[in-house]
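A.B. asks:
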């Protein structure tokens, strides 16, 4: 078992290309079933505070392959 706050300290890595996706910003929870449905990752930061590179990334729980000590491995296209 782990705490949600521990996820914010782990690297999120895509198994498809080895890319580090960014920190966990939020968690989507289904209150009816009591299950985590997705992790929301912080999107790329703005360049020179003028131009945004994109929005947040939502990782469905089914795409999470392994939660390790230092990283969370996901498989996104």
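Numbering (our numbering), first residue to last: 68 to 144. All C-beta atoms, glycine included, are put in the ideal place defined by N, C-alpha and C.
#1: Of the choices 131, 100 and 142, whose alpha-carbon is the least far from that of residue 74?
#2: In whole angstroms, what is the alpha-carbon distance linking residue 79 and residue 138?
#3: Please report the straight-line C-alpha distance between residue 90 and residue 100, rounded to a whole angstrom.
#4: How far does the beta strand (DSSP E) with residue 140 in it extend, from its first residue to its last?
#5: Whole angstroms is fine: what's the gap from residue 128's alpha carbon to residue 70's?
C.D. replies: In short:
#1: Proximity to residue 74 across 131, 100 and 142 peaks at 131, based on C-alpha coordinates.
#2: C-alpha of residue 79 to C-alpha of residue 138: approximately 6 Å in a straight line.
#3: C-alpha separation (whole angstroms): 26 Å.
#4: Counting along the chain, residue 140 sits inside the beta strand (DSSP E) bounded by residues 138 to 141.
#5: Cα to Cα, residue 128 sits roughly 15 Å from residue 70.
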